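Our numbering applies: residue 12 is where the sequence shown begins, and numbers increase by one.
Note that CB positions come from ideal geometry on N, CA and C, so glycine has one too.
Bear in mind that the values here come from a model prediction, so they are computed numbers and not experimental data.
Report on the structure given below.
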Amino acid sequence: MSQRLTADLIVTGAAQLVTMAKSERVPRIGPELRELSIVRDGSFAVANGRIIAVGSRDHVFAAVSASAQTRKLDVAGGVIIPGFVDCHTHTVFAEYRLDEYEWRVAGTPYAEIAARGGGIAKSVEHLRATPQSTLLERTRQRVYSAIRHGTTTIEIKSGYGLSLEHELKQLRVVRQLRDELPIQVVATFLGAHAIPPEARSDREGYVQALIHEMIPAVAAEGLAEFNDVFCEVGAFSREETERILRSGQRAGLKARIHADELTDTGGAELAATVGAVSADHLKKTNDQGIDRMAKAGVFGVLLPGTSFGLPSLDFAPALKMVEAGVRLALASDFNPGSSTSESMPMMTSIACSHMRLSPAEALSMATYNPAFVLGRENEVGSIEIGKRADFLVLDGQDYREVMNHFGVNPVARVFVSGREWDRTERHRE
Ligand SMILES: [Zn+2]
Numbered sequence: 012m013s014q015r016l017t018a019d020l021i022v023t024g025a026a027q028l029v030t031m032a033k034s035e036r037v038p039r040i041g042p043e044l045r046e047l048s049i050v051r052d053g054s055f056a057v058a059n060g061r062i063i064a065v066g067s068r069d070h071v072f073a074a075v076s077a078s079a080q081t082r083k084l085d086v087a088g089g090v091i092i093p094g095f096v097d098c099h100t101h102t103v104f105a106e107y108r109l110d111e112y113e114w115r116v117a118g119t120p121y122a123e124i125a126a127r128g129g130g131i132a133k134s135v136e137h138l139r140a141t142p143q144s145t146l147l148e149r150t151r152q153r154v155y156s157a158i159r160h161g162t163t164t165i166e167i168k169s170g171y172g173l174s175l176e177h178e179l180k181q182l183r184v185v186r187q188l189r190d191e192l193p194i195q196v197v198a199t200f201l202g203a204h205a206i207p208p209e210a211r212s213d214r215e216g217y218v219q220a221l222i223h224e225m226i227p228a229v230a231a232e233g234l235a236e237f238n239d240v241f242c243e244v245g246a247f248s249r250e251e252t253e254r255i256l257r258s259g260q261r262a263g264l265k266a267r268i269h270a271d272e273l274t275d276t277g278g279a280e281l282a283a284t285v286g287a288v289s290a291d292h293l294k295k296t297n298d299q300g301i302d303r304m305a306k307a308g309v310f311g312v313l314l315p316g317t318s319f320g321l322p323s324l325d326f327a328p329a330l331k332m333v334e335a336g337v338r339l340a341l342a343s344d345f346n347p348g349s350s351t352s353e354s355m356p357m358m359t360s361i362a363c364s365h366m367r368l369s370p371a372e373a374l375s376m377a378t379y380n381p382a383f384v385l386g387r388e389n390e391v392g393s394i395e396i397g398k399r400a401d402f403l404v405l406d407g408q409d410y411r412e413v414m415n416h417f418g419v420n421p422v423a424r425v426f427v428s429g430r431e432w433d434r435t436e437r438h439r440e
C-alpha cells in the first residue's frame, strides 16, 4: 500500500464542491458542458500547492494524513469552484477611453469615433506616451482586481504598441507580472492588432516588420507563447493574417485569431486551415466556419463583454456552436475601449442572459475548457488530483448565484496554489 501524503491544507464543509473533474483530460463539448462533477458536502486536501485528494470528507481523511501543521478550512455550507481561467485579455493599457464611452452609448458609429482619432489608435497613442514603470503599476492593480473577482490564470496580449519598442515594453510588463505573482500569467504577442498610424501608406512594410523584425525579437526574448492577429476589414486581411501566423508558428509561437467579430471574413475557416489554437469573437461566423472549427478542434473563445460594452445586442451564436460540438471557452476581452471589465463572473452572467448558455455551460467555459486554450490543462481549470489548488469560496449556497446575482462580486475568498490571496493587497513597493 502506498504511503499516505501529509496534507498542508484540508478543506471541508462545501455544500457544493464543483470539481469540474472529467474521466479523460479532454475539453468538454456539447452536452458535457453541463456536467460539472459536483460533490455534496465535499472535501479536498492540498500538499505543496497541489490537490492530493478530493471527495467526501470521510474519503479525504482516509486518503491523507494530517500533522500539527495541517491547516483546516471549514467553509460551513459554502460553495467552492475552480479559479477562473481568463484566456483572452488586453490588460496592459494606459487608460480607459471615457470620452468614447459617452459617444458609443449615444449611438455614434465606430467610423466616426475613429475619424475623431478614437478606437485602438487612441490607445496606441496613450500607451506609447506611458513609461513601462507606470504601465506596470496600472496593470498590476488591474490584475489584483481580476484576482479578487476569482481569476487565477490570465492571458494578456500586447497590441497597443505597434512598434518593436512599444510592443516589447508591453510584453515585459506581462513578464514582470508573471514572475512576481502567484497566479499563472500567459503572454500573447498581438503586434498585428492594427496598422499603426505611421504605416498607413505602407501596410506591407508593417507586415514585413512583423514577420522579419518583431516576431523574431519576441521569440528570441521568450516574451510570448502565442501570436494573435486581428483579421478584420480595416485591420488585417485573410492573406496577411495567414502569413503572420505562419511566421509566428515557425518561431515557436502558437496561433490565435481575432476572427469574424464585425464582419464574416472567413476567420474561423482560416483558424482551421493554419491549425490555430483558437478563433476568438466569432459574432459573424458562418455555418461552414463553425463546422470546420469543430472538425479541426479549434477552440471558439466567446467574448460577450465586448457586445455588452460596445453596446450592441449582437452576440456570437453560442448555442449553435455547442450543438455543433465546437470546443468553447468564455473570456473577458478586458480592454480600455469595448469590454471594460475584468470580472469573469460578469462574463458568465452576460453569457447566460444574452447567449442563452446555461449556468453550467458558462462555468465549464470559464474554468475547465479555457485551461486547454492556454495549454495549462494539466495545471489548472478543475479541482483534480495533481492540479494546482486554485479555488474560490463563493458567497451563497449554489454556484448559479455567480450568474444570477450579477453586478456584484460573488467571490468571498480566493486561493492560489493552496494559499489564500490577501484581498486587501493593493501595492507592493
Ligand atoms: Zn481581443
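Original post:
What is the chain-ordered set of residues for which the beta carbon lies under 6 Å from any non-hydrogen atom of ligand 1?
Top reply: H99, H101, H269, D344
**OP:** Please report how far the alpha carbon of Q143 lies from the alpha carbon of G320, in whole angstroms.
**Re:** 28 Å
Original post:
Anyone know if the C-beta pair for A329 and V96 falls short of 9 Å?
Top reply: no
Original post:
In whole angstroms, what separates the C-alpha of M414 from that of A371?
Top reply: 10 Å
Subject >> G53, DSSP secondary structure in three states >> reply: strand
Original post:
When burial is assigned at 16 or more other CB atoms within 10 Å of the CB, is E191 buried or exposed?
Top reply: exposed
Original post:
At what residues does the alpha helix (DSSP H) containing A362 begin and finish?
Top reply: 355 to 366
**OP:** Would you kindly check if the distance between the Cβ of V71 and the Cβ of I21 is under 9 Å?
**Re:** yes
**OP:** Please report how far the alpha carbon of E440 lies from the alpha carbon of Y379, in whole angstroms.
**Re:** Interpretation of E440 is limited by its pLDDT of 35, a score under 50 that renders its predicted location unreliable; the figure taken from the coordinates is listed afterwards. Taking the straight line joining both Cα atoms gives about 34 Å.
**OP:** Report yes or no: do three or more beta-carbon pairs, one from the stretch 360 to 368 and one from the stretch 58 to 76, lie closer than 8 Å?
**Re:** no
Subject >> Segment contact, 8 Å Cβ cut-off, at least three pairs: the stretch 219 to 231 with the stretch 269 to 288 >> reply: no
Subject >> Beta carbon of V384 nearer than 9 Å to that of A340 >> reply: Taking C-beta atoms as the reference points, V384 and A340 count as a pair closer than 9 Å.
**OP:** Give a yes or no on contact between the stretch 108 to 124 and the stretch 386 to 404, applying the rule of three or more CB pairs nearer than 8 Å.
**Re:** In short, these stretches do not touch, since the Cβ pair count stays below three.
**OP:** Under 6 Å Cβ to Cβ from L201, same chain only, skipping five residues before and after it: list those, please.
**Re:** Excluding sequence neighbours, L201 sits near K168, S169, G170, D239.
Original post:
How would you write the range of the beta strand (DSSP E) that K83 sits in, first residue to last?
Top reply: That run of the beta strand (DSSP E) goes 82 to 85.
**OP:** Quickly, what does DSSP pair L192 with across the bridge? List them, please.
**Re:** Bridge partners of L192: none, in fact.
Original post:
Hey, out of Q408, A305, V391, whose CA is closest to I40's CA?
Top reply: A305
Subject >> Terminal residues of the beta strand (DSSP E) in which A205 lies >> reply: Unbroken run through A205: none, as it is neither H nor E.
Subject >> E431 - DSSP class collapsed to helix/strand/coil >> reply: strand
Original post:
Whose CA, out of I165, T359, V135, lies closest to the CA of R189?
Top reply: I165
**OP:** Assign P370 to one of three DSSP states: helix, strand, or coil.
**Re:** helix
Subject >> Straight-line Cα distance separating A157 from T150 >> reply: 10 Å
Original post:
Taking the C-alpha atoms as reference points, what is the distance between T145 and N346?
Top reply: 17 Å
**OP:** Decide if the stretch 24 to 38 is in contact with the stretch 390 to 397; the criterion is three or more beta carbon pairs, one per stretch, under 8 Å apart.
**Re:** yes
Original post:
Using CA coordinates, which residue listed in K331, L314, Y107, M332 is at the minimum distance from L324?
Top reply: L314
Subject >> E224 in three-state terms, based on DSSP >> reply: helix
**OP:** Quick one: give me the first and last residue of the alpha helix (DSSP H) that G467 is part of.
**Re:** Outside the displayed span of the chain (12 to 440) sits residue 467, for which this structure offers no information.
Original post:
Would you report the Cα separation of Y107 and I124, rounded to the nearest angstrom?
Top reply: 15 Å
**OP:** Name, in chain order, the residues that DSSP records as bridge partners for I268.
**Re:** V240, A290, per the DSSP bridge assignment.
Original post:
Counting pairs of Cβ atoms below 8 Å between the stretch 204 to 216 and the stretch 240 to 258, do you hit three or more?
Top reply: yes
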